[in-house]
Amino acid sequence: MITLIVAVVAVLLAFAAVSLYNGLVRKRGAVDNAWAQVDVQLKRRHDLIPNLVETVKGYASHERQALEAVVAARSQAVNAQTPRDQAAAENALSGALKSLFALAEAYPDLKASRNFSELQEELSATENRIAYSRQYYNDAVLTYNNAIQTVPANIIAGMTGFAAREYFQAPGEERGPVQVRF
Amino acid sequence: MLAWLAAAAAVALWLLLLAALAVATRNPDVVPVPPTDELAAHSPAIVDLITGHWRLCDEATSATLLDLAARGAVRIEEIGPELSLVRLRRDPGDLKPYERLVYDHVRSLAVDGVVATGALAEGSRNLDRWWKSFRKKVIAEARAQGLSQPRWSRAHAVLLTAAAAIPALAVAVAMTLSDEKHDGGLGAGVVTFGVLVMLMGRLNGERGTRRGAEAAGQWLGVREHLAGTGRFAEQPAASVTIWGRHLAYAAALGLAPRAVTSLPVSVPADDRRAWSDYGGMWHVVNVRYPRRLLWAREPLPMLFYALVAGFFTGFWTWIVLLVLSAVDLWPDALVYPGALALGAAAAGVPLVYAIIDLSGKAGVEGQIVRLRRFQVGKKGDDDPKYAYWCAIDEGRAREVKAYGIGADMWSSLSEGQRVRAHVGRKLGWIDAIEVVGRSRLQGAATYDDTGEQRIDAPENLGEIRIFDTRQE
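As they're listed, the protein sequences go chains A and B. Once you know that position 123 of the first sequence is 108 in our numbering, the rest is easy, because the numbers rise by one and skip nothing. Once you know that position 385 of the second sequence is 375 in our numbering, the rest is easy, because the numbers rise by one and skip nothing.
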């Protein structure tokens, strides 16, 4: 009888463990998926910047400092490894782009350029998409991190190597609604 | 008796006339043409109307938005598996009135020109009035195109109304003759007339014209063609970039449920899953309405309830312990202490919570995301009581607990308002609330323009099936 009870309990525990494990895998998959969405938008943004720089060069080639700042920030963003580094680099890139767009105000021909205005609009739309996909990613990370830290899933997570994920936010940034202004 | 028989016969004859007219004015038969890819010039909303037995469905609004996307007025972008954005692109210029209604709804919600698709159910509009306005605008266009008409023409209405006077008169006479006081006839006649006219009104609705039936048949052919090509059922709304207007028509024809459900333009907002734009970006806020045992309660009455709960718990415990001690199952010396302990335990938590909330309130600043009232107590009560809830997004968490609030305060607020509230953190009761910013959603120019109802388009209650011989 005792053997039977032990066997039933063992089977139930095994089912619970499998169920918890599968749940964690799904949540981790959701994080990966969300990150893929962020990555797509970031790559799109990075791809747009060389065109923007070339366009600005055509009208304001002597604004070398601002152009180099954008190129350097892009390079850092492309080479960033972790979400945290990526977020910091993307923030720097946003700052550099803002400066570049502010400079454009002084060049009426550049502002009137159709190519420039289309690039600006596309970058603005991409920025917006990044903000939403970032929010989506951070929510997925929150759900996943909560899952691997709560009892009893943390036991399964510890045994099977589920590690906490980083939020897509630069050091010092607070989580919460993100202001989107570009 | 003879008078009553005559009255019954008059009513039966009138009903027969009504039935005959109903049969004569039923929707024409729609014969689908063979599968075709030729899209006629009708809008998806019109297509929804004429292919749905001249009854407009919720899908029409989503299909209209997809059509606007296909025509470049907005763009739908997929950001994540469950997240898409609607982005305003350019001024769409001339739009049909119902398209303008949908476009303005999207525009009123957009932050920096963008709104998450899930947030399309939000807004401060009166959804019933909005939907009626949309429906009437679609019907007006369908009638203008000769595709639809009201079931009762003016001649029908006059004939039926005039004819209804006869059975009403017959009933009035019968009642006067059978009533000893002879004073019930007029009332009976008026009531009979009213009931018959109401019945006539209930059977009114939109019906198709011959031209409309031909157009519907053509669109059913398109439906067959689309059903066999695009696997539209699995397509997300963002795939309108690829499929263009075909996806909009597929939605109107009931072939694209995934795209339709992801664009909840004319669906009531979810009580528990709100979209908030507090902080400048749409995001989901899950709203909880906890049980009201120790939440959403005013502190002062709670003090009283706590004392009453403590007293009754102690009293009944004392009775039980007395009985147990009489049969030697509980020591005599512990009867009073036991009753006191349980009474104190029952009163303790609410008492402490109430005292904490009375001694100081927390300041909460944010945006109202949900204002709801739920009935408490028995459902069929003649004098129903409600619990009033107010959920505030402070921009810090994805889940918020709705607070309790007084009915007067509740009725003066609206969703989307920025507020500063004094709240008891333990019992979750809003003591005072101040509006610091009006709802952004109330600012759109035509957002509240849902009141003009120029045409008479009564709700179509469907065909009278017993007279409908068509095969489904």
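Beta carbons are placed, not taken as given, at the ideal position from N, Cα and C, and that holds for glycine.
Asked: Can you find a CB in chain A that lies within less than 8 Å of the CB of residue 70 of chain B?; Found: yes
Asked: Is DSSP giving residue 423 of chain B helix, strand or coil here?; Found: strand
Asked: Applying the 10 Å Cβ sphere with the 16-neighbour rule, what's the burial state of residue 68 of chain A?; Found: buried
Asked: Short of 7 Å Cβ to Cβ, which residues in the segment -4 to 10 of chain A face chain B?; Found: none
Asked: If the cut is a Cβ gap below 7 Å, which residues of chain B does residue 110 of chain A touch?; Found: 77
Asked: Using the Cβ count rule (16 or more neighbours within 10 Å means buried), how would you classify residue 122 of chain A?; Found: buried
Asked: Shorter than 8 Å from the beta carbon of residue 415 of chain B to some beta carbon of chain A?; Found: no
Asked: Would you please verify whether the beta carbon of residue 409 of chain B is less than 8 Å from any beta carbon of chain A?; Found: no
Asked: Check residue 395 of chain B in the structure and name its three-state DSSP category.; Found: coil
Asked: So, are the CB atoms of residue 275 of chain B and residue 286 of chain B less than 8 Å apart?; Found: no
Asked: Which complete alpha helix (DSSP H) runs does the segment 196 to 237 of chain B hold, if anything under 4 residues is left out?; Found: 200 to 217, 230 to 233
Asked: Give me, in chain order, the residues of the same chain whose beta-carbon lies closer than 6 Å to that of residue 160 of chain A; leave out the 5 immediate sequence neighbours on both sides.; Found: Confidence in residue 160 of chain A is poor, its pLDDT being 47 and thus under 50, which makes the residue's placement unreliable; the coordinate value appears in the next sentence. Cβ within range, chain order: n/a, list empty.
Asked: Between the beta-carbon of residue 407 of chain B and the beta-carbon of residue 346 of chain B, is there less than 8 Å?; Found: no
Asked: I want to know whether the segment 200 to 213 of chain B touches the segment 30 to 46 of chain B - three or more CB-CB distances under 8 Å.; Found: yes
Asked: Taking the beta strand (DSSP E) that residue 320 of chain B falls in, what are its first and last residues?; Found: Unbroken run through residue 320 of chain B: none, as it is neither H nor E.
Asked: Output, in chain order, the set of chain A residues within a Cβ distance shorter than 7 Å of residue 67 of chain B.; Found: 114
Asked: Going by alpha carbons, who is nearest to residue 300 of chain B out of B:278, B:315, B:335?; Found: B:335
Asked: Taking only the alpha-carbon atoms, compute the straight-line gap between residue 245 of chain B and residue 137 of chain B and give it to the nearest angstrom.; Found: 22 Å
Asked: For residue 228 of chain B, collect the residues of the same chain with a Cβ closer than 8 Å to its Cβ; drop the 5 residues on either side in sequence, then sort them by chain order.; Found: 66, 67, 68, 74
Asked: Report the partner residues of residue 379 of chain B according to the DSSP bridge assignment.; Found: B:362, B:394
Asked: So, is the C-beta of residue 105 of chain A closer than 8 Å to a C-beta in chain B?; Found: no
Asked: From this set, A:34, A:133, A:-14, which residue's C-alpha is nearest residue 105 of chain A's C-alpha?; Found: A:34
Asked: Roughly how many angstroms lie between the CA atoms of residue 125 of chain A and residue 253 of chain B, to the nearest whole one?; Found: 22 Å
Asked: Measuring alpha carbon to alpha carbon, tell me which residue in A:153, A:49, A:5, A:-4 is nearest residue 118 of chain A.; Found: A:153
Asked: Sort out for me which residues DSSP pairs residue 410 of chain B with in a bridge.; Found: B:355, B:424
Asked: Is it true that the segment 99 to 107 of chain B meets the segment 116 to 131 of chain B, where meeting means three or more beta-carbon pairs spaced less than 8 Å apart?; Found: no
Asked: What in chain C is Cβ-close to residue 106 of chain B, meaning under 9 Å?; Found: The structure shown has no chain C; the protein chains it does contain are A and B.
Asked: Taking only runs of the alpha helix (DSSP H) that begin and end inside the segment 88 to 127 of chain A, which ones reach a length of at least 4 residues, in chain order?; Found: 93 to 97
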